[in-house]
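J.: Quick one: the structure is below, and I'll ask about it shortly.
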Amino acid sequence: MWGSTSLQVRLAALVLAAVVPLAVLSLWFTTREAAEAEQRIRGQLQLAASLVASGQDRTIEAVEHLLGAMSAMDQFRAVDRPACDRYFESLRDRFPVYSNIGIADLNGDVQCNANGRGVKFNIHDRPYFREVLKTQQFVMGEPIIGRLTGRFVIPFVRPVMDGQRMVSVVFATLDLERASKSLSRIELPTSARVMVLDARGAPLMSNPALPSAPASVPASVPASAVGSAHLAIVQRALLAGAGVTELDDEAGQHRLYGFATTRQIGAERWVAIVSMSRADIAGASGDALRTEILVIAMGLLLAASGAWIIGGRIFVQPARQILGVVQRLERGELDARVPLQARTSRGDFGRIGGAFNLMAESLQLRQRDLESELERNRAAYEMLDQVVNSMQEALVAMDNYGRILMHNQAAQQLFPLSAHVTAATRAQTWGLFHPDGKTIYHANDVPMARGLRGESGGQLPIFVRNSLVPQGRMLQASYQPIRGPQGIAGALVVCTDVTELRERENDLYELNAGLEARIAERTAELTRQEALYRTLAEQAPEVVWNTDASGTRLTFLNQAWYELVGGTPQDWLGRSGIGAIHPDDRAAVASNWRHSQAALTPFAGVRRLRAKDGTYHTTSYRGTPVLDDQGEVMFWVGIDADITGLKSIERALRASNQELEAFSYSVSHDLRAPLGAIAGFSQALNARLGDSGDERSRHYLARIQAGVVKMEQLIEGLLSLARVARSTLVWGPVNITGLARELAAELQEQHPKRSVQVTVEDGLSAQGDARLLRIALENLLGNAWKFSSERGDARVEVGRRDGVFFVRDNGVGFDMAYADKLFVAFQRLHTDKEFPGTGIGLATVRRIVARHQGRVWVESREGAGTTFFFTLGDSPPPTWKMAESQ
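1 is the number of the first residue of the sequence shown in our numbering; add one for each residue after it.
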């Protein structure tokens with residue numbers, strides 16, 4: 001068929017036959033590289049989505065760990081709101097990604113939180129709160145608007161358990177706007193977008209922000225606001241877990257989506273999406289393909305035209321030149337061109353050469369486009385490599401054959417990745433142990449093997465110990481498969497180093513265990529003491545009672561009350577008990593109670609209680625407030641001692657004392673008359689004798705007169721002792737320092753020739769009768785003054801130590817074997833010749849101190865001085881003891 005065809009046609013056919021296969025080959029290469037580039041981008045999108053999902057899993061796990069640590073802390077079981085608010089504020093400041101952290105009771109009342117001290121609000125209407133009450137598990141809620149912050153947040157809540165019983169809940173709200181900043185740190189191509197959606201397809205976080213919404217959008221938006229593309233992707237992700245798909249977005253733009261899911265918390269689950277515009281992906285390759293097709297078409301047209309026009313004029317030499325250029329092109333020298341000369345450029349071969357040159361130019365242009373595309377892919381890979389290597393977590397991706405596809409620096413520092421391993425030897429070579437650090441993981445249980453089987457999971461504890469980390473590190477691994485069009489293409493493993501966290505948790509657990517042991521020990525001790533004291537109170541022979549802080553409600557009465565008054569606990573507990581008091585005593589008891597309640601002083605006195613037989617028993621009562629650490633009254637505890645029998649004895653003793661005192665007073669007065677007669681007649685007799693009497697007679701008269709004076713002193717002492725016993729106490733504050741210094745000055749005036757060093761401590765005071773205490777000090781200082789008269793360096797000291805008053809001298813002292821005689825009337829350890837006296841003074845001191853509900857005693861040593869000690873009561877004695885009838 002070619003026999004009659006011209007050379008021009010043959011040359012044109014030859015040119016076309018030579019050029020068309022090259023053009024087709026070029027188009028095939030371009031199409032294949034575009035498909036490979038798209039496949040790489042699909043893999044990168046899915047990997048990026050998996051990384052974002054892993055990052056969100058770590059965020060959720062961090063919240064779960066935080067709430068878990070908070071729920072284990074005992075101080076949250078008895079909330080001290082100010083301290084609790086401050087603690088949560090410090091937590092929020094340390095972790096600003098949370099907008100609020102707090103604790104609520106089972107009614108939804110927030111006990112304390114990190115925002116707004118003193119602000120009370122309730123979360124019972126929140127779905128997540130009802131969910132945690134139902135499941136008693138860690139709950140992630142739907143996105144909401146915070147009531148205090150007004151910000152879009154994701155609530156997380158966890159129960160606080162006391163054994164098997166839930167006592168309260170702790171919660172934390174993740175601020176979506178702040179959490180979105182983690183996405184903004186990811187460098188992306190211009191058309192790329194990263195988003196996190198909830199299970200309903202509503203966007204939570206986006207980088208860059210959606211055109212019609214902020215970087216974080218609440219899930220409570222209307223259903224119409226949820227894009228159909230997002231909803232479709234979420235539905236696929238919830239079924240497949242991870243993958244790549246193509247859809248039109250809300251703007252009608254065709255995009256390629258890589259997606260992966262986080263772990264599911266109850267009914268909630270997040271979906272991470274990384275997408276790129278299909279037009280941007282195919283733009284560069286499509287432009288290059290179209291340009292190449294256009295150039296090839298033009299080249300074919302020019303080649304065919306050139307061959308047709310000048311093919312017959314130039315053949316051999318141009319053909320050789322063209323052949324040479326073709327050979328250079330085959331060697332990859334894309335800058336090779338057919339040299340065109342003026343004389344041959346118009347021939348067929350000149351045109352063929354030009355067509356070849358155009359084809360070579362097209363090939364060179366395509367090569368440049370491919371190199372440019374490769375450079376962009378290299379830049380994207382470098383950016384991805386920087387992102388992966390900036391992670392603190394160790395990341396390892398491998399294919400189905402166990403070959404490492406990708407790893408970061410953190411993984412290289414933990415695992416010997418360069419060592420040749422197989423699936424069977426990986427656990428041994430990498431040193432993957434169970435948390436006990438001794439049991440090696442089985443080859444099928446390591447996270448890489450699980451991911452390759454299609455399993456996904458997180459929080460797998462691994463203790464790694466190898467030549468890189470000989471001391472060992474505790475890791476927490478999450479794993480998931482990498483899925484491709486043909487199924488599972490590999491596995492992705494992310495390991496978080498939790499060594500320090502586990503150490504802190506162990507320290508916290510040990511501290512909690514120690515605290516619980518001490519609390520249990522203390523509780524047992526308190527229980528034992530309570531049982532002991534309750535038994536003592538129940539078995540006490542006197543009435544023991546407790547009231548609340550106001551004193552208006554009885555909270556405890558022992559058995560002695562019911563034996564005396566009658567009735568049952570239902571009749572008395574929760575009431576004031578005023579009905580058992582004699583009507584005539586109620587006003588005085590109420591007045592005494594108001595005074596004690598206002599001053600927080602002991603509530604004491606005497607009252608009559610109606611017995612179950614209708615008679616009244618006289619009791620001496622005394623109650624004391626029990627205060628807390630802030631000085632507030634928690635309750636009152638008191639006792640009523642039945643003194644009915646004592647009152648009878650008292651009346652008998654009082655009558656006997658009155659008779660004795662009257663007898664003493666009468667005797668003292670009746671003795672004055674004969675003593676006066678004896679003194680008068682002896683003086684008259686002495687005057688009558690004058691100088692005529694003999695020496696013996698005058699001696700007898702002097703002895704009679706001295707006896708009369710002595711007797712008058714004894715009578716005056718008896719009268720003084722009687723007055724001390726009969727007088728009514730006038731209770732009030734007494735300046736002991738002032739009284740002692742005044743009495744010392746009087747003694748110095750009475751004995752001006754003596755030099756005595758008197759020391760009185762400043763600030764001595766007491767409660768009592770000032771007149772009687774003056775008499776007591778007068779006798780004690782007088783004795784100290786008298787019995788130190790033989791010393792040239794006499795010293796007398798008045799002071800107080802540990803609430804005990806003392807009067808000390810450096811006088812002659814005495815043998816302590818006779819100390820009991822000192823406080824008995826008319827008992828003396830020295831003769832009148834040594835130290836004059838009546839023996840009444842110390843008996844008077846003892847009677848005065850006893851009336852002040854105190855006691856007096858003495859310590860002495862012969863030649864080394866004497867010290868008298870005495871105490872005085874802080875409160876006045878009962879009214880019946882202050883009366884004159886004593």
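A virtual CB, placed ideally from N, CA and C, is assigned to each residue, including glycine.
Because the structure is a prediction, the values reported are computed rather than measured.
From Leu532 to Val544, what does the alpha carbon distance come to, in whole angstroms?
T.: In the sequence shown, counting from the first residue as 1, residue 532 sits at position 532. In the sequence shown, counting from the first residue as 1, residue 544 sits at position 544. Cα to Cα, Leu532 sits roughly 15 Å from Val544.
J.: How big is the Cα-Cα spacing for Tyr562 and Ala766?
T.: If you number the sequence shown from 1, residue 562 lands on position 562. If you number the sequence shown from 1, residue 766 lands on position 766. If I take the Cα positions, the gap works out to 39 Å.
J.: Which full runs of the alpha helix (DSSP H) of 4+ residues lie inside the region 488-556, going along the chain?
T.: Counting only runs of 4 or more, we get 499-539.
J.: Could you tell me which of Glu797, Thr737 and Asn466 sits nearest to Ala770, measuring between CA atoms?
T.: Reading the sequence shown from its first residue, position 770 is the one you call residue 770. Checked all of Glu797, Thr737 and Asn466; the closest Cα to Ala770 is Thr737.
J.: Whether or not the region 51-71 and the region 167-174 are in contact is what I'm after, with contact meaning three or more pairs of Cβ atoms, one per stretch, closer than 8 Å; do they touch?
T.: Verdict: yes, contact present.
J.: Leaving out five residues before and five after Ser620 in sequence, what residues of the same chain have Cβ atoms less than 7 Å from its Cβ?
T.: Within the sequence shown, residue 620 is the residue found at index 620, counting from 1. The residues are Val606, Ala641, Ile643 and Pro878.
J.: Which residue wins for smallest C-alpha separation from Asp105, given the options Ser99, Asn113 and Tyr98?
T.: In the sequence shown, counting from the first residue as 1, residue 105 sits at position 105. Closest by alpha carbon: Asn113.
J.: List the whole-angstrom C-beta distance separating Gly243 from Arg453, where the pair is believed to meet the contact cut-off of C-beta under 8 Å.
T.: As a first step, residue 243 is located in the sequence shown; it is residue number 243 there, counting from the start. As a first step, residue 453 is located in the sequence shown; it is residue number 453 there, counting from the start. About 17 Å separates the two Cβ atoms, so there is no contact after all.
J.: Where does Phe356 fall in DSSP's three states?
T.: Position 356 of the sequence shown, counting from 1, holds the residue named residue 356. Residue state, collapsed to three classes: helix.
J.: Could you spell out the range, first to last residue, of the alpha helix (DSSP H) harbouring His595?
T.: On the sequence shown, residue 595 is found 595 positions in, with the first residue counted as 1. Pro583 to Ala599 is the span of the alpha helix (DSSP H), which, as asked, contains His595.
J.: Pull up the distance between the alpha-carbon of Ala53 and that of Gly252, whole angstroms please.
T.: To locate residue 53, count along the sequence shown from 1; it is residue 53. To locate residue 252, count along the sequence shown from 1; it is residue 252. Going by the C-alpha atoms only, they are around 26 Å apart.
J.: Taking the continuous beta strand (DSSP E) assigned at Met634, which residues delimit it?
T.: One-based indexing of the sequence shown puts residue 634 at position 634. Run containing Met634: Val633 to Asp642, per the beta strand (DSSP E) assignment.
J.: Might you give, ordered along the chain, the residues of its own chain that have their beta carbon closer than 6 Å to the beta carbon of Leu600, omitting 5 neighbours on each side?
T.: Working through the sequence shown from its first residue, we reach residue 600 at position 600. The answer, listed in chain order, is Pro625.
J.: Compute the beta-carbon to beta-carbon distance between Ala540 and Asn512, rounded to the nearest angstrom, for a pair I have assumed lies under 8 Å.
T.: As a position in the sequence shown, residue 540 is number 540, starting the count at 1. As a position in the sequence shown, residue 512 is number 512, starting the count at 1. About 41 Å separates the two Cβ atoms, so there is no contact after all.
J.: Look up Thr615 in the DSSP assignment and say whether it is helix, strand or coil.
T.: Counted from its first residue, the sequence shown places residue 615 at position 615. Correct three-state label for Thr615: coil.
J.: Report the option in Ser277, Gly457, His852 and Ser456 whose CA atom is closest to the CA atom of Leu773.
T.: Counting from 1 along the sequence shown, the entry for residue 773 is found at position 773. The shortest Cα separation from Leu773 among Ser277, Gly457, His852 and Ser456 belongs to His852.
J.: I'd like to check one pair, Ala580 with Arg622: are the Cβ atoms closer than 7 Å?
T.: Position 622 of the sequence shown, counted from the start, is the residue given in the question as residue 622. Position 580 of the sequence shown, counted from the start, is the residue given in the question as residue 580. The answer is no: Cβ separation not under 7 Å.
J.: Leaving aside the five residues before and after Ser875 along the sequence, list all residues of the same chain whose C-beta is less than 7 Å from its C-beta, in chain order.
T.: By 1-based counting over the sequence shown, the position of residue 875 is 875. Pro602 and Ala604, listed in sequence order.
J.: Within 10 angstroms of its Cβ, does Gly631 collect 16 or more other Cβ (buried), or is it exposed?
T.: Taking the first residue of the sequence shown as 1, we reach residue 631 at position 631. Classification of Gly631: exposed, given that the 10 Å Cβ count is below 16.
J.: Counting pairs of beta carbons, one from the region 85-92 and one from the region 515-533, are three or more of them closer than 8 Å?
T.: Touching, no, given that fewer than three Cβ pairs across the two stretches are closer than 8 Å.
J.: Give the straight-line distance between the Cα atoms of Trp593 and Leu842, rounded to the nearest whole angstrom.
T.: The sequence position of residue 593 within the sequence shown is 593, counting from 1. The sequence position of residue 842 within the sequence shown is 842, counting from 1. Their Cα atoms are separated by approximately 38 Å.
J.: What do you reckon, is the C-beta of Tyr128 under 6 Å from a heavy atom of the ligand COA?
T.: As for the ligand COA, it is missing from this structure, which has no ligand bound.
J.: Nearest to Ile462 by alpha carbon, out of Phe433, Gln392 and Ile144?
T.: The residue labelled residue 462 in the question sits at position 462 within the sequence shown. Checked all of Phe433, Gln392 and Ile144; the closest Cα to Ile462 is Phe433.
J.: Given that a residue counts as buried once 16 or more other Cβ atoms are within 10 Å of its Cβ, and exposed if not, what is Ser220?
T.: Reading the sequence shown from its first residue, position 220 is the one you call residue 220. Reliability fails at Ser220, whose pLDDT of 40 lies under 50, so the model's placement of it is uncertain and no value is given.
J.: Could you check the C-alpha separation between Val807 and Leu729 for me, to the nearest Å?
T.: Taking the sequence shown and counting its residues from 1, one reaches residue 807 at position 807. Taking the sequence shown and counting its residues from 1, one reaches residue 729 at position 729. Roughly 23 Å between the two C-alpha positions.
J.: In this structure, how does DSSP classify Ala114 when only helix, strand and coil are distinguished?
T.: Looking up residue 114 in the sequence shown gives position 114. Ala114 falls in the coil class under three-state DSSP.
J.: Any idea if Asn444 is buried or exposed, counting beta-carbon neighbours within 10 angstroms, 16 or more meaning buried?
T.: Here the question's residue 444 lines up with position 444 in the sequence shown. Exposed.
J.: Look at Leu183 and Leu204 and say whether their C-beta atoms are less than 7 Å apart.
T.: Along the sequence shown, read from residue 1 onward, the residue named residue 183 stands at position 183. Along the sequence shown, read from residue 1 onward, the residue named residue 204 stands at position 204. No; because the gap between Cβ atoms is not below 7 Å, this pair is not in contact.
J.: Assuming Ala817 is part of the beta strand (DSSP E), what are its boundary residues?
T.: Looking up residue 817 in the sequence shown gives position 817. From DSSP, Ala817 is part of no beta strand (DSSP E); its letter is neither H nor E.
J.: Let's test the definition: count the other Cβ atoms within 10 Å of the Cβ of Ala411 and tell me whether it reaches 16, buried, or not, exposed.
T.: Residue mapping note: residue 411 aligns to position 411 of the sequence shown, counting from 1. Classification for Ala411: buried.
J.: Could you tell me whether the Cβ atoms of Ala229 and Asp198 are closer together than 7 Å?
T.: Taking the first residue of the sequence shown as position 1, residue 229 is located at position 229. Taking the first residue of the sequence shown as position 1, residue 198 is located at position 198. Going by C-beta atoms, Ala229 is not nearer than 7 Å to Asp198.
J.: Three or more C-beta pairs under 8 Å: does that hold for the region 25-38 against the region 378-397?
T.: Taking 8 Å as the limit for Cβ pairs, the verdict is that the region 378-397 does not touch the region 25-38.
J.: Counting pairs of Cβ atoms below 8 Å between the region 846-861 and the region 787-799, do you hit three or more?
T.: Segments in contact, no.
J.: For Val804, which of Asp385, Thr844, Tyr616 and Glu761 has the nearest alpha-carbon?
T.: Numbered from its first residue, the sequence shown carries residue 804 at position 804. Taking only the C-alpha atoms, the option nearest Val804 is Glu761.
J.: Kindly list the residues whose CB is nearer than 6 Å to the CB of Ala223, restricted to its own chain and excluding five residues on each side of it in sequence; keep chain order.
T.: Mapped onto the sequence shown, residue 223 falls at position 223. Here the model assigns Ala223 a pLDDT of 40, short of 50, so the residue's position is not dependable and the matter cannot be decided.
J.: Under a three-way DSSP split, which group does Glu268 fall into?
T.: Stepping through the sequence shown from its first residue, residue 268 is reached at position 268. Strand, per DSSP.
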